[in-house]
Every structure is written in C-alpha cells, then in structure tokens.
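As numbered in mature numbering (1 follows the signal peptide of the UniProt record, and there is no 0), residues -24 to -1, 1 to 189 make up the sequence shown, in order.
Below is one structure, written out as structure tokens, with a few remarks after it.
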Amino acid sequence: MKALYRLRFLGVVFLLLAASAQSAEPQALFDPADYEYCLVCHGGLGQGNPAIQAPVLAGMEGWSLRNQLQAFREGWRGKHPLDLVGMEMRPVALALDEEEIADVTSYLEQLAPQVAPQAATDSSTGDPVLGRSIYVACIACHGEAAEGKEALQAPALAYQDERYLERQLRHFRDGVRGSHPDDARGATMAASAAGLDDAAIANVVSYIRTLTR
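Quick look at the structure:
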C-alpha cells in the first residue's frame, strides 16, 4: 500500500513539474498557425514574395517589425493613395491587438534570416560599384553591413528584397512615406532619400544586395 501511495505521489510531482515547465516556456501558447494569413503573402518561412511585393519578415528585428505595424495602425503607412500594397497591409495591422503583435513579431524574429527570392521577371539594373559610394551615407544608421542599429531604430536591410527596398526609397523620396507629421523616423528617411534619382536608388540597393552574397 505504501508503495502505491509513493507511486501516486511521484506521479503528481511529475505532472506538476511538467505543467511548470510548460508555463515557463515563452512561446508555449503561441501557434504560428493562428497567423496563416501572414504566410499567404510573406511565405511559409517569412521569406517574402517579390511577385506580390511582400517583403521578407524572417529574422527581422522584433522592434523594427513592431515599429512598422505601429506605422500602419497610426496611418503613417498605408493611407497614401499611391501606396496600394500598404493599403492592403493596414487592415491586417489594425486587426491585431498588442498581445498578438508581441507574439507574431517575437516568432518572426526567431526565424532564420532568408535572402529574398527574386521574381521570375526580376532583372536588377543597378550598379553595385556605384551604389557602394552612395551607401556610405547610410552606414551611420543602418550599419556597414546593413545589419541595422536598434539604438537608432534603423532596421536591417541586408536580407530584404531589392524591389521592396527600391520601392520604399521612391516612396520616401516622393512623399508617399515619411510625410506624416508624427512619423519622425520616416521624416529622417524622407530627407535622406530626397536627392536620389531612380538610377541612384537602383545602384545603392544593388550594393546592399551584395552584402548577403
């Protein structure tokens, strides 16, 4: 009888320890399947999809992803009539609560960085040699290897899709992004992109792409 009680006691202890271990696991209640609508556009590994202008998310800094979701929620992104892709993303951001944003950005941050696949019709016209001299002005914020700097809230660029980067630089230059009075970070980028023509944008983005090859 004592042996039976001892086995029952040990069984209860085991169950309590198992429950404790599960509750201590930070992602125990997070199920990526809850966010399948993200994968439809951004890919099963968060690798992005240039064909539909969906950027890479895998391995991106959680703080940067949260910043962009905030920008969509606040209307700093996705409200300009020329930002058609952003207008599709804004309702998704508005549908997420703070806990969901924390969950999904933490999950994406832990994924292995993915070099963005190139669209079938993609053929970059940029010159990375010329782009290197332009990127010198970007190093202070985004880092020598385009790794980003959290202290300046400047995201990594190295793994991002070329077409996405080109489009966003044109948006900053043309006032599609960075023009909202409350978007201080966007205003900084808009000022940086103001003097770049399309050729210069293609060149600097081509150089950034070489940093992951």
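Think of the CB as a built atom: it goes at the ideal place given N, C-alpha and C, for glycine as much as any other residue.
The DSSP-derived three-state label of A71 is helix. One alpha carbon belongs to E142, the other to E75, and they sit about 32 Å apart.
Cα atoms of A127 and G162: separation of roughly 16 Å, rounded to the nearest angstrom.
Its Cα nearest to that of V105, the residue V180 stands out among V180, G38, L87. A130 carries a strand assignment under DSSP once its states are collapsed to helix, strand and coil. The beta carbon of G151 sits closer than 6 Å to no other beta carbon from its chain once the five residues preceding and following it are set aside.
Bridge pairing for N25: A30 [DSSP]. Checking the DSSP bridge columns, you'll see K125 partnered with A130.
Taking C-beta atoms as the reference points, A116 and G124 fail to come closer than 8 Å.
Contact between the segment 146 to 160 and the segment 31 to 38 is absent: fewer than three C-beta pairs spanning the two stretches fall below 8 Å. If you draw a straight line from the Cα of D174 to the Cα of L45, it comes to about 27 Å.
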